[in-house]
Amino acid sequence: MKISDVKNHIPVVQSIAFSLFSKADSANSTVNIATAASSEGFAVIGQLTSGLNRELADVAVKASENSAVAETVAAITVAHESVLAYLIAASIAAKRAGVYPYYLAVATALVLLDSAETPCGESSNSPVNTCSATDIDLTSIIDESLFTHFQLKFEPELKHLIRKQIAAMRADGLTLQKPEHYEKIKQAYELGFLYEGVYRGCAQCVLAALFELTGNASPEVFRTASSMGGGGASCGDGSCGAYNGSIMGMGMFVGRRFEHITGDQAEKDKAVAMSQILHDNFIDTYGSVICRNIHESIFGRAYTLRYPAEREAFAAAGAYTEKCTAVVGMASAWAMEQLILNGYA
191 MKISDVKNHI PVVQSIAFSL FSKADSANST VNIATAASSE GFAVIGQLTS GLNRELADVA
251 VKASENSAVA ETVAAITVAH ESVLAYLIAA SIAAKRAGVY PYYLAVATAL VLLDSAETPC
311 GESSNSPVNT CSATDIDLTS IIDESLFTHF QLKFEPELKH LIRKQIAAMR ADGLTLQKPE
371 HYEKIKQAYE LGFLYEGVYR GCAQCVLAAL FELTGNASPE VFRTASSMGG GGASCGDGSC
431 GAYNGSIMGM GMFVGRRFEH ITGDQAEKDK AVAMSQILHD NFIDTYGSVI CRNIHESIFG
491 RAYTLRYPAE REAFAAAGAY TEKCTAVVGM ASAWAMEQLI LNGYA
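For the sequence shown, my numbering assigns the number 191 to the initial residue and increments by one for each residue that follows.
#1: Buried or exposed for P291, please, with buried defined as at least 16 other CB atoms from any protein chain shown within 10 angstroms of its CB.
#2: Going along the chain, which residues of its own chain have a beta-carbon closer than 6 Å to the beta-carbon of A523, five neighbours each way excluded?
#3: What would DSSP say about S209, mapped onto helix, strand or coil?
#4: Label P369 either buried or exposed according to how many other C-beta atoms from any shown protein chain fall within 10 Å of its C-beta, with 16 as the threshold for buried.
#5: What separation, rounded to the nearest whole angstrom, lies between the Cα atoms of E245 and L294?
#6: Which one of E373, E386, V202, S465 has the shortest CA to CA distance from T298?
#7: Verify whether the separation of the beta carbon atoms of G536 and N483 is less than 8 Å.
#8: M438 and A407 - do their beta-carbons sit closer together than 8 Å?
#9: Contact between the region 448–460 and the region 412–432 is defined here as three or more beta-carbon pairs at a separation below 8 Å; is this criterion met?
#10: I'd like the ranges of any alpha helix (DSSP H) spanning at least 4 consecutive residues and lying wholly in the region 426–472.
#11: Should the region 273–292 be regarded as contacting the region 239–257, the criterion being three or more beta carbon pairs within less than 8 Å?
#12: Within its chain, find whatever has a CB closer than 8 Å to the CB of H199; leave out the 5 residues flanking it on each side and keep chain order.
#13: Would you check if the distance between the CB atom of E386 and the CB atom of Y510 is smaller than 8 Å?
#14: Taking the Cβ atom as the reference point for each residue, do S436 and V396 lie within a distance shorter than 8 Å?
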């Protein structure tokens, strides 16, 4: 099975999306959306299709360079032959290869919601039993059934992205990020991922990604983040360096200024509000902002990086190829999203 084979399932995603735009608002519908003009529907679905093709093309390039990426897709799709399996497999491969899987997460959420609306006994694209799914329990079904089924216990970033899309579809229907915003967020994820893999040091790698993309760089601020990695001085019991680096990166644009230390409350309040959203993204994804707890969510165990043997085991477990690289990528993307939404980028 090749990455390109996933493209064969895009028409199913398009069909589901078209059906959403053709539905009137109904109290009995899992997805609460108003009737949309056909031109709007075509524009959104066109953007989704283009985005899916681009992400799959990016993953295909990575797969040609790294056999482990291709093997990820093959293993899942051989074991679970379904549209959902192909989308999940491609999403995992993308995330592990340093490709931001935004449109893949949207498509996966669409298929999951469609399966939740499929009456019991009828054909469904999902292997998950959603016959009793409601607005309240669909999230638990995703966590307990889908990801158990596909054995994705240590893929919290993907679960977060899919849950976020499901929540957005319930609230506003099928809406997508503005293309220009998506480009910046995608670049932030991919640069953060790349820098952590090459240079290491999660806090500094988030800063480097944000500095490059925004043009607002400070060598002094970068230097202050040197010992923030590994939960603070590589001890594991402090905040994740990527979390700290994201807050510092946003603080390059907003926050109380030294020359206004006696006041500047509005600036401080805005910085705190943006950082709280970042915090909540970490909690929703990893269950914590503490380094050792995040390790447990992505590795199944924590590493204390001040010890050489632990550092070696950490690297061997994929820290710098797919694990902490993804954490840094997500932190960079979340920070960039806040900068965009608040008019700073």
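Heads up, the beta-carbon is just placed ideally off N, CA and C, and yes, glycines get one too.
On the basis of the supplied data:
#1: In the sequence shown, the residue the question calls residue 291 occupies position 101. If you draw a 10 Å sphere on the C-beta of P291, you find 16 or more other C-beta atoms in it, and that means buried.
#2: Taking the first residue of the sequence shown as position 1, residue 523 is located at position 333. Answer for A523: I375, A378, Y379, listed in chain order.
#3: What you label residue 209 is simply residue 19 of the sequence shown in a count that begins at 1. For S209, the three-state secondary structure derived from DSSP is helix.
#4: Here residue 369 corresponds to residue number 179 of the sequence shown, with the count starting at 1. Under this definition P369 is an exposed residue.
#5: Mapped onto the sequence shown, residue 245 falls at position 55. Mapped onto the sequence shown, residue 294 falls at position 104. So the alpha carbons of these two residues sit roughly 8 Å apart.
#6: On the sequence shown, residue 298 is found 108 positions in, with the first residue counted as 1. By alpha-carbon distance to T298, the top candidate from E373, E386, V202, S465 is V202.
#7: Shown here, the chain extends from 191 to 535; a query on residue 536 therefore has no answer.
#8: Counted from its first residue, the sequence shown places residue 407 at position 217. Counted from its first residue, the sequence shown places residue 438 at position 248. No, the Cβ-Cβ distance between A407 and M438 is not below 8 Å.
#9: Under the Cβ criterion (8 Å, minimum of three pairs), the region 448–460 does not count as touching the region 412–432.
#10: Counting only runs of 4 or more, we get 431–441.
#11: Yes, they touch.
#12: Residue 199 sits at position 9 when you count from the first residue of the sequence shown. Contacts found: V273, Y276, L277.
#13: Here the question's residue 386 lines up with position 196 in the sequence shown. Here the question's residue 510 lines up with position 320 in the sequence shown. Judged by beta-carbon spacing, Y510 lies within the 8 Å limit of E386, meaning their Cβ atoms are closer than that value.
#14: Taking the first residue of the sequence shown as 1, we reach residue 436 at position 246. Taking the first residue of the sequence shown as 1, we reach residue 396 at position 206. The Cβ atoms of S436 and V396 sit closer than 8 Å to each other.
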